[in-house]
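Note sheet for the following structure.
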Amino acid sequence: MLQNILSRRDAHGIALIYDSLEQTGGLFVRSVISTWISRGVHVNVVCFDVDPQDYLRAFKEGDIKSLTVFDGFTDPFGEDKGQSKCQYNPDTWEKLVANTECGVLLIDSLSTVLLHEEFRHVYNTLIHLSRVAHVQQVVCVTHTDVHDESLLASLSYLATTTITLKPAVNGTDLSAVCHIVHKKPRGRASTEELQFEMTQDLTICNIRKLEEQNAVPKAAQADPTANLTFNLKLSEDEKDARDKVVLPYLKKTGAAEHTGTGSITYTLEKEDDFDEEDDPDDDLTF
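Going by the UniProt record's numbering, the first residue of the sequence shown is number 1, and it counts up by one from there.
Structure (structure tokens):
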């Protein structure tokens with residue numbers, strides 16, 4: 001699925017890139033942006049965590065033509081420039097990309113915004129931006145070690161695609177593992193865990209699927225008859241004796257076959273005083 005993300009296949013809605021101090025996503029995010037630009041996609045980045053000049057320095061000169069970086073780092077509250085609204089306010093994001101080419105809106109990072117803005121406001125704004133025709137996709141970088149589980153669960157519910165970055169167990173400093181969850185339009189979700197390598201020239205290579213070699217083996221089921229005070233198992237001699245028992249409902253082989261009609265014979269006794277002249281309806285009044 002990482003190849004589909006890089007090739008922009010089925011790209012829509014909201015995508016979340018989860019990173020942490022254990023596995024930062026700076027190089028990965030820039031590599032994804034560079035790959036998208038090489039495929040003709042214009043990317044708009046609202047940068048809150050890094051100075052825009054430092055952000056652009058990692059890209060090739062040819063990539064910068066298709067990359068627009070908005071400064072939300074040096075003056076996020078709009079105090080120096082006398083802005084009416086601070087850059088943390090999600091209402092300003094749509095205006096930032098209104099006059100740019102249609103493409104991807106990337107928020108780097110959403111965690112910084114959530115530290116200053118109400119979650120419900122940010123949540124509703126992301127839904128609105130994902131439906132704007134001018135924006136192909138909204139991508140948000142989120143630091144998982146900053147927020148609680150309930151907030152991350154709400155964001156994951158909102159997102160179409162989530163990419164969780166993890167450190168590679170056996171790899172170099174440029175290796176990483178990503179766990180991808182992609183929701184299809186009909187509601188079904190597909191997951192995949194991949195290991196890949198990144199280079200300093202912002203390319204992602206050597207993508208391979210991780211096998212479930214670290215999966216916890218299933219515990220052996222306990223024998224329910226192990227600790228009983230009586231024996232439920234039969235020996236071979238007991239099994240032979242059981243098989244030789246003739247059960248009542250079994251047909252005995254070799255018995256003579258009787259054919260004919262059945263008849264019932266009843267012999268009256270003294271107590272059976274039955275008078276044929278007695279009419280059983282004599283005591284009834286009509």
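No residue lacks a Cβ here, since even glycine has one placed at the ideal position from N, Cα and C.
- In the DSSP assignment, D223 falls outside any alpha helix (DSSP H), carrying neither H nor E.
- Counting along the chain, R242 sits inside the alpha helix (DSSP H) bounded by residues 236-244.
- The C-beta distance from V181 to T162 rounds to 5 Å, short enough to meet the 8 Å contact threshold.
- DSSP places P167 in the uninterrupted beta strand (DSSP E) bounded by 161-167.
- For A15, the enclosing beta strand (DSSP E) stretches over residues 14-19.
- With contacts defined as CB atoms closer than 8 Å, W93 and L106 fail to qualify as a contacting pair.
- For K209, the closest alpha carbon among the candidates T112, D71, E197, V97 is that of E197.
- DSSP places A153 inside the alpha helix (DSSP H), whose first and last residues are 149-158.
- Within the segment 64-151, the complete alpha helix (DSSP H) segments at least 4 residues long are 93-96, 110-114, 119-130, listed from N- to C-terminus.
- Counting C-beta pairs closer than 8 Å gives fewer than three between the segment 185-193 and the segment 51-59, which falls short of the contact rule.
- Looking at the DSSP output, S175 bridges to E197.
- A Cβ-Cβ separation of about 7 Å places I204 in contact with T35 under the 8 Å criterion.
- The residues W93, E94, L105, V135, V138, in chain order, have a CB closer than 7 Å to that of L129 in the same chain once the five nearest residues on each side in sequence are set aside.
- Annotated three-state conformation of N4 is helix, per DSSP.
- Between the C-alpha atoms of I33 and L2 there is a straight-line separation of about 13 Å.
- A distance below 6 Å between beta-carbons, with the five flanking residues on each side excluded, links V97 to the following residues of its chain, in chain order: N44, L105.
- Around the Cβ of A153, a 10 Å sphere holds fewer than 16 other Cβ atoms; the residue is exposed.
- Beta bridge pairing from DSSP links N44 with T68, L105.
- Straight-line measurement puts the Cα of R39 at about 9 Å from the Cα of R8.
- D10 is not a Cβ neighbour of I37, given a cutoff of 8 Å.
- Measuring C-alpha to C-alpha distances from H147 to each of D173, T112, A168 identifies T112 as the nearest.
- The Cβ-Cβ distance between V29 and V141 falls below 8 Å.
- Residue range 204-209 is occupied by the beta strand (DSSP E) that includes R208.
- Here S38 carries a helix assignment [DSSP, helix/strand/coil].
- Residue range 52-57 is occupied by the alpha helix (DSSP H) that includes R57.
- The C-alpha of P248 is placed about 22 Å away from the C-alpha of L234.
- About 20 Å separates the beta carbons of T125 and Y18, which is beyond the 8 Å limit, so they are not a contact pair.
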